[in-house]
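Reviewing the structure listed below.
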Amino acid sequence: MSKQVRVRFAPSPTGPLHIGGVRTALFNYLFAKKNSGTFYLRIEDTDQNRFVPGAEAYIMEALEWLGIAPDETIGKNEKFAPYRQSERKHLYKEYADQLINSNWAYYAFDTAEALDAYRKADEEQGKTFIYNHTNREKLDTSLVISQDETARRIAAGEHYVIRFKTPVDETLHLHDIIRGDVKFETRLLDDKVLFKSDGMPTYHLANIVDDHLMETSHVIRGEEWLPSMPLHVLLYRAFGWEAPEFAHLPLILKPIGNGKLSKRDGDKLGFPVFPLEWKSEEGISSGYREKGFFPEAVINFLALLGWNDGTDKELYTLEELVDAFDLSRVHKAGAKFDPEKNKWFNHQYLIKQNNEDLAKSFAPILESKGFTIDKNQLTKIVSLIKERAHFVSEFWDLSDFFFVAPTAYDEKASKNWKAETPALMQELISVLEEITDFTSVNIETLVKDWMTKNEIGMGKVMQPFRLSLVGALKGPHLFDIVELIGKEETIKRLQKAIETL
RNA sequence: GGUCCGUUCGUCUAGGGGUUAGGACGCUAGGAUUUCAUCCUAGUAACAGGGGUUCGAUUCCCUUACGGACUACCA
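Written out as structure tokens, the structure is:
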């Protein structure tokens with residue numbers, strides 16, 4: 001690749017960043033890093049009506065949290081500032097005029113109401129109204145009135161838009177890095193609005209102008225933009241600019257049923273579709289971060305949704321992803337989002353985390369429940385339970401018996417508490433009382449010695465013992481628990497079980 | 001309706017003219033830890049249908065079906 005790689009993520013600040021947007025950002029990031037290029041973030045806020053306060057900050061914070069922050073954006077290496085389209089407003093009119101002058105665009109004075117009426121009328125006849133070469137000379141455009149008349153109407157303050165004058169009959173052979181060759185007939189395209197009556201450009205104009213001005217080498221975006229590709233390529237041609245290369249990413253679909261993944265799916269099935277929590281008048285939407293997902297796990301899972309490097313490898317660090325990434329290996333078909341596999345990835349990353357860090361994450365939860373535990377002690381507890389958790393938030397349920405004695409005993413397990421059990425447990429207490437070196441291995445050896453000597457079956461002791469300490473037949477190695485809660489507490493719990501059961 | 005894109009186990013996917021169609025998640029069973037989880041081992045399960053091309057198609061072409069996106073002075 002001779003050209004310097006510059007790619008962008010260009011979201012519209014209309015709300016929190018959707019998981020599909022995150023994936024688009026990720027693929028742009030990976031492609032940039034893989035090719036020693038630049039990844040920049042541009043805010044496409046040309047629709048003032050849909051602007052949502054806080055959305056822009058949210059997007060930046062989300063990318064930051066995920067570890068895929070842009071190299072250039074608002075307030076950071078501003079080589080092509082401004083990065084907000086609303087602040088570039090003054091630029092676009094000039095380019096729209098350029099297209100008018102070169103006869104690639106025209107003024108249209110039709111009101112929104114008039115267009116609605118046309119659409120309705122066509123619809124009633126089973127047709128679809130499409131604004132293009134077939135009717136643009138019958139509509140209220142500068143193509144059918146004189147230049148003077150056009151100028152007069154504009155000067156008089158009439159509302160107008162600027163529309164692209166799509167070539168009448170041409171077959172466009174376009175190339176997409178992921179999809180290969182794609183063909184379009186220009187006669188079937190419509191004359192899109194480039195410049196709105198409110199003085200703002202539409203997405204199409206602003207996007208092409210900025211991608212050119214910001215020296216974008218590759219446009220990597222969602223598949224929903226594929227139908228706009230001919231317009232965009234034509235715009236580059238109209239301006240006489242070299243077009244970037246295009247890659248349209250497959251969509252992320254609902255886990256069950258058909259269609260694009262939406263916010264509602266997350267609510268319904270209990271998984272987040274947003275990187276960070278988002279609060280609005282409509283309520284709170286949960287975020288990966290708040291749900292206890294590791295950013296690395298989210299990235300890893302998303303990267304493999306629609307892409308793989310051809311090997312069986314599944315666990316990748318960001319660096320490894322950068323190294324292995326290849327746009328042309330992106331799958332063409334949409335991918336259903338699988339919440340179960342998403343959780344599995346988190347589990348993998350949780351196991352990989354070191355115990356000290358996990359203890360640090362767990363400590364606040366314990367404190368909220370009124371426990372302050374020695375750091376080393378907590379690290380040990382975490383090491384015993386982390387393999388059975390998907391999230392740090394599950395730690396408490398997996399380890400509560402380390403902190404509080406059981407208040408109830410699992411009913412099913414209690415059935416193993418036989419008539420001879422109290423006597424056995426009493427004996428066990430005596431054995432434990434004798435032990436001075438109260439460590440897991442030592443306790444285990446001595447207790448087992450006692451059982452062999454007296455020919456007591458393992459099951460007869462171990463099950464009631466575990467039940468007494470944990471309250472159920474679950475949890476880590478029993479003697480590790482014994483060591484951690486200590487001799488005094490162990491005996492206390494045994495005595496309580498004898499009394500209760 | 002029109003335009004474009006797509007279709008390999010339930011899901012994510014590998015493969016690509018001749019394969020026992022591979023892996024992962026999930027699920028099931030066995031082993032192991034006297035528990036649970038993890039772990040190991042095994043099992044389950046797929047080339048959408050129909051035509052071509054070919055000695056041979058899951059792979060190439062056409063077509064049907066199905067799915068998706070787009071079809072705004074939204075992005």
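Residue numbers (UniProt numbering): 1 to 501. C-beta atoms are modelled at their ideal positions from N, C-alpha and C, and glycine is treated no differently.
C-alpha distance - residue i paired with residue j, whole-angstrom precision
i	j	result
residue 502	residue 24	Past the edges of the chain, shown from 1 to 501, lies residue 502, and the structure says nothing about it.
residue 470	residue 404	9 Å
residue 162	residue 205	10 Å
residue 336	residue 362	33 Å
residue 128	residue 59	37 Å
residue 313	residue 331	17 Å
residue 481	residue 355	17 Å
residue 277	residue 13	16 Å
residue 371	residue 449	36 Å
residue 244	residue 364	50 Å
residue 197	residue 94	15 Å
residue 168	residue 131	12 Å
residue 149	residue 82	36 Å
residue 255	residue 3	39 Å
residue 454	residue 366	41 Å
Helix, strand or coil at residue i according to DSSP, with G and I counted as helix
i	result
residue 411	helix
residue 335	strand
residue 471	coil
residue 448	helix
residue 9	strand
residue 264	helix
residue 14	coil
residue 196	coil
residue 161	strand
residue 237	helix
residue 316	coil
residue 146	coil
residue 1	Because residue 1 carries a pLDDT of 46, less than 50, the predicted location of this residue cannot be relied on, and the following value inherits that uncertainty. DSSP places residue 1 in coil when its eight states are reduced to three.
residue 40	strand
Beta-bridge partners of residue i, as assigned by DSSP
i	result
residue 173	183
residue 276	Note: residue 276 sits in no beta bridge, so no partner.
residue 220	247
residue 76	73
residue 201	195
Other residues of its chain near residue i: CB distance less than 7 Å, five sequence neighbours each side excluded
i	result
residue 136	143, 191
residue 1	Residue placement at residue 1 cannot be trusted, given a pLDDT of 46 that sits under 50; the coordinates are not used to answer.
residue 21	11
residue 263	273, 285
Identity of the residue in the options nearest residue i by Cα
i	options	result
residue 160	323, 114, 390, 213	114
residue 353	123, 391, 339	391
residue 529	36, 5, 13	The question about residue 529 has no answer here: the residues shown for the chain are numbered 1 through 501.
residue 172	13, 166, 183	183
residue 377	73, 359, 465	359
residue 388	453, 476, 438	476
residue 327	375, 220, 276	220
residue 66	498, 385, 288, 439	288
residue 302	311, 342, 180, 238	342
Residues near residue i in its chain [Cβ-Cβ closer than 6 Å; skip 5 each side]
i	result
residue 297	345, 346, 349
residue 266	272, 273
residue 119	129
residue 292	391, 392, 393
residue 430	none
residue 468	493, 494, 497
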